[in-house]
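Numbering-wise (this note's numbering), the sequence shown opens with residue 441 and increments by one.
The C-beta atom is built at its ideal place from N, Cα and C for all residues, glycine as well.
Here's the structure, in structure tokens; my notes come after.
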Amino acid sequence: MLAPVRCAPRGRVLRRVWRAVGRPDRLLATPLTSGNHDYDLLLALCQAPSDLRYLTGLRGVRDRCRRSACLLEEVWSADLERWRGDLKRIADFDAVFTSFASSATALSDVMGRRCHVILGGVDAVKFCPYPDPPVRSIDVYSMGRRPEAVHGALMLLARCGRLFYVYDTVRNFAIIDPAEHRALLRDLVKRSRHFLAYHAKFNKPEETHGQQELGMRYFEGAAGGAVMLGSAPRCEAYDRNFDWPDAVVPVSATDAWEVAEVLAELDGQPERVARIRRDNVVNSLLRHDWVYRWRQILDIMGLPRTDGMSLREAHLRHLAANVFHASRRAA
441 MLAPVRCAPR GRVLRRVWRA VGRPDRLLAT PLTSGNHDYD LLLALCQAPS DLRYLTGLRG
501 VRDRCRRSAC LLEEVWSADL ERWRGDLKRI ADFDAVFTSF ASSATALSDV MGRRCHVILG
561 GVDAVKFCPY PDPPVRSIDV YSMGRRPEAV HGALMLLARC GRLFYVYDTV RNFAIIDPAE
621 HRALLRDLVK RSRHFLAYHA KFNKPEETHG QQELGMRYFE GAAGGAVMLG SAPRCEAYDR
681 NFDWPDAVVP VSATDAWEVA EVLAELDGQP ERVARIRRDN VVNSLLRHDW VYRWRQILDI
741 MGLPRTDGMS LREAHLRHLA ANVFHASRRA A
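Written out as structure tokens, the structure is:
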């Protein structure tokens, strides 16, 4: 059994909690269940090292878990000295993971213990547009961070009636229902011909200090079968995990008109576009579903894989084969 813990409430919720109970280390843990079950693994998911302070509120929880692990989703190497105090809070964990592969070595040095790499992932089954691919009525979909030059060019093309461009019009908005939000994202990607994808925090060099990492956009865009436009991050994690041709079709973040040229080029190459879509979906099903990340975690923790995992992996392989053959038949 798993006892997952998501650390760190954010924004207004966080401020209200602090006003009510004081410092983070005074937070009391909510019981895991109504009973007194024991768990095989406690997995604490932290977006940033600062979230580790909330683990002090998990009084008595670890006593009911055979093993414990912590996953740091976003850690930039240049910030490690600033987080050294917070990183001391994970000394009691049996294993530490990070989603940023380029930071793993530096994290290991700071903590004095090995830090394993667990990349991001996606629910590849839900993102898969097959077996009934919807019409891709969105020409370009952009979510989250975007290059202003590219956005401006796409806005002009949209105003001229040359394409349908979907983009964010608000920032730091409150999500009403996370499950509904993810469902909408999946539906939008599956209906998009092209999807903008640039490396994590590409427009925040003062925070990354030149470090390039795989952002979640790559996993989502590929799994939904969109043709990703943008830049491939300069890191081994991308080279090893998105190693098929045209996983990302290059579009400069500063050249306002290159995106129009690339779109026109792709419009004239339907066979290339069909191959890109097929390769993106098939590789996502075979390599980037969350079950593969979960398998890594269990193997490192010395825990057995479950029958449910085996069934899901078999389903993913079956679905990938169907996608491949359906794409070949259509071509």
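Would you mind working out which of the options sits nearest residue i, comparing C-alpha positions?
i: Ile-740; options: Val-557, Val-590, Val-722, Ile-616; result: Val-557
i: Met-668; options: Arg-757, Pro-685, Ser-490; result: Pro-685
i: Glu-660; options: Gln-487, Phe-533, Tyr-494, Leu-636; result: Leu-636
i: Ser-692; options: Arg-727, His-621, Ala-593, Ala-623; result: Ala-593
i: Ala-687; options: Arg-657, Val-699, Arg-631; result: Arg-657
i: Met-583; options: Asp-729, Val-610, Val-562; result: Val-610
i: Phe-642; options: Ser-632, Arg-735, Glu-653, Ile-737; result: Glu-653
i: Leu-628; options: Phe-604, Val-515, Thr-545, Ala-754; result: Phe-604
i: Val-721; options: Leu-482, Trp-730, Phe-764, Leu-703; result: Phe-764
i: Ala-546; options: Gln-651, Glu-711, Gln-736; result: Gln-651
i: Asp-608; options: Ala-619, Val-731, Leu-625, Gly-500; result: Leu-625
i: Ala-518; options: Ala-619, Asp-617, Glu-646; result: Glu-646
i: Ala-663; options: His-591, Arg-633, Leu-706, Arg-524; result: Arg-633
i: Gly-500; options: His-477, Ala-589, Glu-514; result: His-477
i: Leu-485; options: Pro-587, Arg-504, Val-536, Asp-729; result: Val-536
i: Leu-706; options: Ala-544, Arg-524, Val-580; result: Val-580
i: Trp-516; options: Val-590, Ala-544, Arg-506; result: Ala-544
i: Gln-487; options: Arg-602, Asp-480, Trp-523; result: Trp-523
i: Arg-733; options: Thr-538, Asp-617, Cys-505; result: Thr-538
Exposed or buried, residue i, counting other C-beta atoms within 10 Å across all chains shown (16 or more means buried)?
i: Pro-744; result: exposed
i: Gly-708; result: exposed
i: Trp-697; result: exposed
i: His-649; result: exposed
i: Glu-521; result: exposed
i: Gly-392; result: Residue 392 lies beyond the stretch modelled for the chain, which goes from 441 to 771, so this question has no answer here.
i: Arg-599; result: exposed
i: Arg-768; result: exposed
i: Phe-613; result: exposed
i: Ala-640; result: buried
i: Thr-694; result: exposed
i: Gly-561; result: buried
i: Ala-623; result: exposed
i: Thr-746; result: exposed
i: Ala-619; result: exposed
i: Gly-742; result: exposed
i: Arg-514; result: Note that residue 514 is Glu in the sequence shown here, rather than Arg. With 16 or more other Cβ atoms within 10 Å, it is buried.
i: Gly-525; result: exposed
i: Val-704; result: In the sequence as displayed, the identity of residue 704 is Ala instead of Val. Ala-704 is exposed by the Cβ-count criterion.
i: Asp-465; result: Residue confidence for Asp-465 is low, a pLDDT of 43 falling below 50, so the modelled location carries little weight; the figure read from the coordinates is stated next. Exposed is the call here.
i: Pro-673; result: buried
Let's see if you can read the secondary structure: which residues bound the alpha helix (DSSP H) around residue i?
i: Ser-582; result: First-last for Ser-582: undefined, no H or E at that position.
i: Leu-512; result: Run containing Leu-512: none in the alpha helix (DSSP H); it sits in the beta strand (DSSP E), 505 to 512.
i: His-758; result: 747 to 770
i: His-728; result: Neither: His-728 is in no alpha helix (DSSP H) and is coded neither H nor E.
i: Glu-676; result: 676 to 681
i: Ser-381; result: The requested residue 381 does not occur in the structure, where the chain is confined to residues 441 to 771.
i: Pro-645; result: 645 to 648
i: Asp-526; result: 524 to 527
i: Ala-593; result: 588 to 599
i: Gly-661; result: 656 to 663
i: Ala-693; result: No alpha helix (DSSP H) contains Ala-693, which DSSP labels as neither H nor E.
i: Lys-566; result: 564 to 567
i: Glu-701; result: 698 to 707
Starting from residue i, trace the beta strand (DSSP E) both ways and give me its first and last residue.
i: Tyr-479; result: 479 to 486
i: Ala-535; result: 535 to 538
i: Leu-636; result: 632 to 637
i: Gly-670; result: 667 to 670
Who are the Cβ neighbours of residue i in its own chain at under 6 Å, not counting the five residues just before and after it?
i: Ala-541; result: Val-557, Ala-677
i: Leu-680; result: Residue identity check: residue 680 is Arg in the sequence provided, not Leu. Here the set comprises nothing.
i: Arg-455; result: Summary for Arg-455: the model assigns pLDDT 40, below 50, so the residue's position carries little reliability, and this model does not support an answer.
i: Arg-631; result: Pro-574, Arg-576, Ser-577, Ile-578
i: Ser-508; result: Leu-482, Arg-502, Phe-533, Asp-534
i: Met-551; result: Leu-527
i: Ala-770; result: none
i: Cys-510; result: Ala-484, Ile-530, Phe-533, Val-536
i: Pro-587; result: Ala-693
For residue i, which residues in the same chain have their Cβ closer than 8 Å to its Cβ, ignoring the five residues on either side in sequence?
i: Arg-757; result: Leu-725, Leu-726
i: Val-453; result: For Val-453, the predicted structure reports a pLDDT of 40, less than 50, and the residue's modelled location is therefore unreliable. A value from the coordinates is still provided. Taken in chain order, the list of residues that qualify is empty.
i: Val-731; result: Met-749, Arg-752, Glu-753, Leu-756
i: Thr-470; result: Any reading at Thr-470 must be qualified, since the residue scores a pLDDT of 47, below 50, and its modelled position is unreliable; the value itself is stated next. None.
Please return the same chain residues whose Cβ sits closer than 7 Å to the Cβ of residue i, not counting the five positions on each side in sequence.
i: Gly-462; result: Reliability fails at Gly-462, whose pLDDT of 42 lies under 50, so the model's placement of it is uncertain and the value that follows must be treated cautiously. Closer than 7 Å at the Cβ level, and outside the excluded window around Gly-462, lies no residue.
i: Gly-670; result: Leu-636, Ala-637, Tyr-638, Val-688, Val-691
i: Val-702; result: Leu-669, Val-689, Val-691
i: Ala-564; result: Ala-663, Ser-724, Leu-725, His-728, Asp-729, Leu-756
i: Asn-762; result: Tyr-570, Pro-571
i: Ala-700; result: Ala-593, Leu-597
With a threshold of 8 Å (Cβ to nearest heavy atom), would residue i be considered close to the ligand NAD?
i: Phe-604; result: Annotation note on the ligand NAD: not contained in the displayed structure, which lists no ligands.
Taking CB distances under 9 Å as the criterion, tell me whether residue i reaches chain C.
i: Val-688; result: In the displayed structure, chain C is absent; only one protein chain is listed.
- Any chance the region 550 to 570 sits against the region 713 to 724, with 3 or more Cβ pairs inside 8 Å? yes
- Task: Would you be able to state if there are at least three C-beta pairs under 8 Å between the region 576 to 584 and the region 540 to 558?
- Result: no
- Within the chosen definition, does the region 523 to 543 reach the region 476 to 492 through at least 3 CB pairs nearer than 8 Å? yes
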